[in-house]
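Engineer: Next up is a structure, given as structure tokens.
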Amino acid sequence: MKIVVIGSGGRLGAALMREYQNKFAVTGFNHAQLDLSNFDHIREKLCGANFDALINTAAFTNVDLCETRREQAFRVNAEAPRLLAEICHDRNAKLIHFSTDYVFDGEKREPYAEEDEAKPISVYGESKL
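Given below as structure tokens:
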């Protein structure tokens with residue numbers, strides 16, 4: 842299986858690269874190699890790549906900065922994953938994408954479940970829905 846990991850320079854992406862490097866053919870892209878705010882760059886890099894699964898661990902994660910850079914937050918956290926999904930769909934590849942607990946308001950006392958209603962209280966949370 843050939844896997845692409847986007848966000849390979851971050852904690853989760855780097856951990857996945859280490860875990861999978863001896864099990865699969867893995868290619869990683871860090872932020873410098875693949876800018877998720879540049880859709881032409883995404884298409885150029887991924888449409889020429891051969892992969893069976895794409896794991897997106899990248900995001901615009903600076904919660905405070907998202908408040909003042911709303912457009913960038915939504916471009917990287919919402920629109921780019923949509924483009925990744927389209928690319929994966931077109932090539933029959935699997936997509937694994939991560940969200941965040943920031944899609945919830947934090948009012949619930951017990952752990953959240955996938956079925957719980959999302960109530961983000963920040964731009965970052967909204968952009969990760």
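To convert a position in the sequence shown, counted from 1, into the working numbering, add 841. The C-beta atom is built at its ideal place from N, Cα and C for all residues, glycine as well.
1. The beta strand (DSSP E) spanning Gly869 covers which residue range?
2. Which residues share a DSSP beta bridge with Asn933?
3. How about Gly854 and Ala890: are their beta carbons less than 9 Å apart?
4. Suppose you measure from the CA of Asn871 to the CA of Met858; what does that come to, to the nearest Å?
5. For His938, write down the residues that DSSP places opposite it in a beta bridge.
6. Can the beta-carbon of Arg911 be found less than 9 Å from the beta-carbon of Ser849?
7. Could you spell out the range, first to last residue, of the beta strand (DSSP E) harbouring Ile1052?
8. Using the three-state DSSP reduction, which class does Leu877 fall into: helix, strand or coil?
Structural biologist: Based on what the coordinates show:
1. Taking the first residue of the sequence shown as 1, we reach residue 869 at position 28. Residues Ala866 to Phe870.
2. For the purposes of this step, residue 933 is taken as residue 92 along the sequence shown, with counting starting at 1. Answer is none; Asn933 lacks a bridge partner.
3. Here residue 854 refers to the residue found at position 13 of the sequence shown. Here residue 890 refers to the residue found at position 49 of the sequence shown. For Gly854 and Ala890, no; Cβs fall outside 9 Å.
4. Position 30 of the sequence shown holds residue 871. Position 17 of the sequence shown holds residue 858. Each residue's alpha carbon lies about 11 Å from the other.
5. The residue labelled residue 938 in the question sits at position 97 within the sequence shown. In the DSSP output, where bridge partners are listed per residue, His938 has Asn897.
6. Indexing the sequence shown from 1 puts residue 911 at position 70. Indexing the sequence shown from 1 puts residue 849 at position 8. For Arg911 and Ser849, no; Cβs fall outside 9 Å.
7. This structure cannot settle anything about residue 1052, because the visible part of the chain is limited to 842 through 970.
8. Reading the sequence shown from its first residue, position 36 is the one you call residue 877. Three-state DSSP puts Leu877 in coil, outside helix and strand.
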